[in-house]
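Take a look at the structure set out below.
Number of protein chains: 2
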Amino acid sequence: MYKAKILVKRRKSILDPQGKASEQGAKLLGLNNISKVRIDKSIQFFIETSDEVLAKTEATEFCNKLLANPIMEDFEIILEKVNES
Amino acid sequence: MYKAKILVKRRKSILDPQGKASEQGAKLLGLNNISKVRIDKSIQFFIETSDEVLAKTEATEFCNKLLANPIMEDFEIILEKVNES
């Protein structure tokens, strides 16, 4: 079994409205030193296979087709072998 | 200046509907080995101060009051000193 950790980030050139809104919120709370807030997605899941190539293929397909928006986001995949539990 | 990396996670006991929906999506794509999908928030920002205690206080207040929902989410803060650029 593999554990996959994915980080889906908007490309730097693309505005992050959620981050921008939180930054304005910080100002309203009086936290004036906070800047450049970016909010990304961190995703975790398990892949029930012992074949690393298959695990990698499934994780990549999952990201490309569902988790990330290929027009404005990039993703990183980290696979880690774990014991069945 | 400090760079803050925050991970906001739902508590394990609380259902993650976004993760659940992605898991069902994976099944529909034929990715039958994928299970236990959890989607968390990964947040990055800068704190313009050279005082580590102040940086930590501002980051914690920002998380408590705005970034995390204290009823169902926990957060981790990692601070890293960076040079002004």
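Protein sequences appear in the order of chains A and B.
By the count of the numbering used here, the first sequence reaches residue 98 at its end, each step adding exactly one.
By the count of the numbering used here, the second sequence reaches residue 98 at its end, each step adding exactly one.
From the three backbone atoms N, C-alpha and C, an ideal C-beta is built for every residue, glycine too.
The model shown is predicted, which means the values in this text are computed figures rather than measured ones.
C-beta neighbour in chain B for D53 of chain A, strict 8 Å: By 1-based counting over the first sequence, the position of residue 53 of chain A is 40. Output row for D53 of chain A: interface = yes.
Using only CA atoms, which one of B:N46, B:Q37, B:G38 lies nearest to D64 of chain A? Position 51 of the first sequence, counted from the start, is the residue given in the question as residue 64 of chain A. Considering only alpha carbons, the answer is B:N46.
Quick check on L92 of chain B: does DSSP put it in helix, strand or coil? Working through the second sequence from its first residue, we reach residue 92 of chain B at position 79. L92 of chain B: strand per DSSP, three-state reduction.
For K49 of chain B, decide whether its Cβ has a neighbour in chain A, counting only Cβ atoms nearer than 8 Å. Taking the first residue of the second sequence as position 1, residue 49 of chain B is located at position 36. Chain A contact via Cβ: present.
With a 10 Å radius around its C-beta and 16 neighbouring C-beta atoms as the bar for buried, classify I27 of chain B as buried or exposed. On the second sequence, position 14 is the one that residue 27 of chain B refers to. I27 of chain B is exposed by the Cβ-count criterion.
Quick check on the burial criterion: 16 or more other C-beta atoms within 10 angstroms. Buried or exposed for I52 of chain A? Position 39 of the first sequence, counting from 1, holds the residue named residue 52 of chain A. Its Cβ being crowded by 16 or more others within 10 Å, I52 of chain A is buried.
List the residues of chain B whose Cβ lies closer than 8 Å to the Cβ of K25 of chain A, in chain order. Taking the first residue of the first sequence as 1, we reach residue 25 of chain A at position 12. Ordered by position in chain B, no residue passes the 8 Å Cβ test against K25 of chain A, which lies about 11 Å from the chain.
Chain A contacts made by the stretch 71-86 of chain B, where a contact means CB separation under 7 Å: E71, E74, F75, K78, L79, L80
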